[in-house]
Amino acid sequence: MYKKNLNQTLIMFIIFMSIIASVNFVVDPGEIYLKKIISDKKAKEFADKLFLSEKGIIQTGWNERLVKTALAKSAYNFDCVILGSSHVMQISSIRNTGNIKDQCNNLLNLAVSGGGIEDIAIFSYLLLHNLKHPRHVFVDIAPWTLKFNMDSRYGAYQNYLDKMNLILKQSEVSEGNPYFRKIILNLFNGEYFHQSLVALTDSKKNNVLSLFKKVIQYPEKVFSYEEGYAQAVTLIDGSHVYSQAYIQLQRTKQVKIGDGDYKITGKKYDPMALNYLKKVIEMYKKRGMSISLIMTPYHPNVFKKGMTKPVSHMTAVEDLIKSLSQEQGIKYYGSFFPNKLMCKEDEFYDFMHPTNKCLSRINFGV
Amino acid sequence: MLFNSVIFIYVFLPITFTLYFFLNKKRLTEASKSFLVFSSLFFYSWWNIAYLPLILSSMLFNYTIGNVLVKENNNKKNRFSRKSILSCGIITNLSLLAYFKYTDFLIENINLAFNATVPYLDLALPLAISFFTFQQIAYLVDSYRCETQEYDFLNYAIFVTFFPQLIAGPIVHHKEMMPQFSRLKTKVINYKNISLGLFIFSIGLFKKVVIADSFSTWVNAGFDTAITLNFFEAWATSLSYTFQLYFDFSGYTDMAIGIALLFNIRLPINFNSPYKALNIQDFWRRWHITLSRFLRDYIYFPLGGNKKGAIRTYINLITTFILGGIWHGAGWTFIMWGGLHGIALLIYKQWSQLGIKLWSWFAWLVTFTFINISWVFFRANEWDDAIKVLNGMTGLSGLVLTSKFEKYLPPLESYNFISFGTVTEHISGGSSVLNWIFLAFCLILLFKNSIFQLTHFKPTFYNRLFMVLLFSASTLMLSRESEFLYFNF
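Each protein sequence line maps, in turn, to chains S and G.
Using this note's numbering, you'd call the opening residue of the first sequence number 1 and step up by one each time.
Using this note's numbering, you'd call the opening residue of the second sequence number 1001 and step up by one each time.
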């Protein structure tokens, strides 16, 4: 009786877990299973067409990291690359942000939202495996860059991170959790299943069929980069232009005094992450590529409450970056502090995203 | 290795189970025992192999002393008295525990008292040291009392290291374990025990990964992160910890009982719906039963128990509880926690002599509230953290009402301590913390506990479904792997 009970329990459990794994695999809200297989092909198409486009491609509906990895793999004829977070996503050779053209005629912007040190490593790996290496690499430093695991979205590309770690001989970044094991375990992840159920009930989310139907759209008319287009656009160099609606909405919003709390948790920096960044810098230098670091300003209101937690983190990270630059003999551009660049309150979308006007005050021509 | 990890549930446990019974089927009984000891030591070393020599030498030492005590009993020409051998054994065990667990606490107090700057040792606490030390002290005392037999080292090693109870108990007696290991029935696969074991393991796993770990977010935010807590936040924080601790530790115990059952071993129960207790004495008969049993048999009774008059009884009680507090951790907050429980028991004893009966619901409320408040000291990392939470609970840090009430109760804002806003802002709880607390109250008060479920288990469809649902839900949450609270003690 009990043996039969055990067998039936086991069968029920296997059926139950198989259903969950299948739902996760097919609905795939993080686009790491079935959707990744389809999306990879589509992203390659996106990248190829972007480089041939005139006004860029409408970005809305495309996974940023997916598109940027495809760009990193397919790019050719570029001399500089910019890596990092959304803070630098607008820096563009087309817009000649901060006279960047003085240094790079063809910039490729591979920055992604929330980009952390893992993203920097992932894109660095992809760049190393692109037949044409860039001459110069700009790395954006956000207040969270010198810590690991500050944004989990890199997880879908951890296979590249694992390979990069082998090159750098650094295993602690992936916490001994190889990509394949992680991806299998994630099929049985409750939070992922919850996201799958949300995606199933949300018609706005991409389903698998819509991925097949996904078409590449170009802006229909010439538009001002300052005012944006009806939808967000990725320009030919991979840089980002926010949508008209977003830009207008942000203009009406006030930034709270003392704000700035985005990914400001725990300690100010992790010495291991700092060491990791050093290894990345040394790797670039060893392979004959020059590298420099960028920091972009936060809104002036962030600093009006004195030494808040975000401000103390920014101060510590900026000091570290200054000494790292000195130690490594590399340049750094910009600052977290708006007064150093003379950025005004109306030159920001929100507390941490400067407009092109403010970004242009970082003079890359120097 | 954690019970709530993929590696334990899907790799270590199936392999150990299969090989253990395979060896027994081949009649390689000694090999199967050796394999179980090896597996348990492997399980222990998974955290840090550096501590393996410590547990091995502790076992070897206590086994030798225990054997000497048994042999010396028959030897009339003793070179050393049995009492001095026992004292040597106990002192060595306690010194080992004190060295790892209490040295820095002692240094801290010396520095504070004499304004000195003695450097800290910063020793990492070896896992399970409090548990295996106590278990072996009990063995030595029982050997002295001639309540043990002469066992071989392999049997003794199984008794100490048996992995289901090695890390955080239940604290077992050799006399309830040794006979089980040598029984023939233990060596044969028993499908009933497997069903029961998996059933209670699923309940325990669910308690830990779904319930306790959900509370941990608010507990950590309230105790460790928030600078100040308003009235509702402080109560939400303390209640969250009260439930986290219970579901975490009783979940662990259920898992331990379940795993042991797979190997045909019955571990003693450790929890019997403690939060249903109507007085503090009742609580200690239901909470961490095996520790209470140890403290009673090996501290309270040897101190004289209740046989030396009322005053001595009270002193013995408070001493036992303070020692119980210190056993849990090196810190004044633990001593305070133990002391509070000792005093509460003393007050209860006085009260019960008056013969006044309280309404059951009131008795429960008083008991539960006291326990909830005392856990604040148990959890707080520092004295200030405890004060912060207690200030909030008494309303000294203000009262925040939801902003929905603002337009209906504007005059309230004229009182300085009342304001409107997000009620649980500092613990990032939103409404979910209140829902979880309500759910936890329902679970502890309205439902039968897991041991009752175990003893009344029948292999029906609904039980199968219940088990599969619990196990599946828990498996889905295994990605947020976290340690058990009692691993720190």
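Even glycine gets a Cβ: it sits at the ideal position worked out from N, Cα and C.
On a predicted model such as this, the values are computed, not experimentally measured, just so you know.
Taking a beta-carbon distance threshold of 8 Å, Gly-190(S) counts as an interface residue toward chain G.
Rounded to whole angstroms, the Cβ separation of Ser-1397(G) and Thr-1228(G) is 5 Å, and the two are in contact under 8 Å. Residue range 1013-1025 is occupied by the alpha helix (DSSP H) that includes Phe-1021(G), with no beta strand (DSSP E) assigned at that position. Neighbourhood of Thr-308(S) in chain G, by CB distance below 8 Å: empty, with the nearest CB roughly 13 Å away. Listed along chain G is no residue with a C-beta nearer than 8 Å to that of Gln-195(S); the closest approach is about 12 Å. For Cys-80(S), the beta-bridge partners assigned by DSSP are Leu-107(S), His-136(S). CA-CA distance, Ile-1315(G) to Gly-1325(G), rounds to 15 Å. Judged by their CB atoms, Ile-117(S) and Ala-273(S) are nearer to each other than the 8 Å cut-off.
The Cβ of Thr-1455(G) sits no closer than 8 Å to any Cβ of chain S.
Two segments are said to touch when three or more pairs of C-beta atoms, one from each, lie closer than 8 Å; by this definition the stretch 1228-1246 of chain G does not touch the stretch 1125-1145 of chain G.
Residues of the stretch 11-40 of chain S with a C-beta less than 8 Å from any C-beta of chain G: Met-12, Phe-13, Phe-16, Met-17, Ile-20, listed in chain order.
Setting aside the 5 residues that flank it on each side, Ile-1343(G) is surrounded in the same chain by Ile-1318, each with a C-beta closer than 8 Å to its C-beta; the list follows chain order.
Here Thr-252(S) is not bridged, per DSSP, to any residue. The Cβ neighbour count for Met-1(S), taken over all protein chains shown within 10 Å, is under 16; the residue is labelled exposed. Apart from sequence neighbours up to five positions away, the residues of its chain that approach Tyr-284(S) with a beta-carbon distance below 8 Å are Ser-124, Val-137, Ser-290, Ile-291, ordered along the chain.
In this structure Cys-1442(G) is exposed. Its beta-carbon is surrounded by fewer than 16 other beta-carbon atoms within 10 angstroms. As the crow flies, the alpha-carbon of Tyr-333(S) is around 16 Å from that of Ala-316(S).
Judged by beta-carbon spacing, Ser-53(S) lies within the 8 Å limit of Tyr-218(S), meaning their Cβ atoms are closer than that value.
Only those residues of the stretch 239-265 of chain S whose C-beta falls short of 8 Å from the nearest C-beta of chain G would be listed, and there are none.
Here Val-1037(G) carries a helix assignment [DSSP, helix/strand/coil].
Under the Cβ criterion (8 Å, minimum of three pairs), the stretch 189-199 of chain S does not count as touching the stretch 35-51 of chain S. DSSP places Ser-1450(G) in the helix class (H, G or I) of the three-state scheme. Among the residues of chain S, none has a CB under 7 Å from the CB of Met-1001(G); the nearest is roughly 14 Å distant.
Going by beta carbons, Phe-188(S) and Leu-1476(G) fall inside the 8 Å limit.
Each residue's CA atom was taken as its position, placing Arg-251(S) and Ala-245(S) some 10 Å apart. When Cβ-Cβ separations below 8 Å define contact, Tyr-2(S) makes contact with chain G. Rounded to whole angstroms, the Cβ separation of Pro-338(S) and Tyr-298(S) is 7 Å, and the two are in contact under 8 Å. Looking only at Ile-1200(G), Ala-1031(G), Phe-1370(G), the smallest Cα-Cα distance to Met-1393(G) is reached by Phe-1370(G).
Under DSSP, Thr-1319(G) takes part in no beta bridge, so it has no partner. At a cut-off of 8 Å, the C-beta of Pro-1274(G) has no neighbouring C-beta in chain S. Distance from the CA of Ala-1310(G) to the CA of Ile-1137(G), rounded to the nearest whole angstrom, comes to 28 Å. Note: Thr-234(S) is bridge-paired with Ile-57(S), His-240(S) in the DSSP secondary-structure output. CA-to-CA, the gap between Arg-1293(G) and His-1341(G) works out to about 16 Å.
Of the residues assessed, Cys-1146(G) falls on the exposed side of the cut-off, its CB having fewer than 16 other CB atoms within 10 angstroms. The three-state reading of DSSP puts Lys-1458(G) in coil, since its state is none of H, G, I, E or B. Scanning its chain for C-beta atoms nearer than 6 Å, with the 5 sequence neighbours on each side dropped, one finds around Gly-365(S) the residues Asn-99, Asp-102, in chain order.
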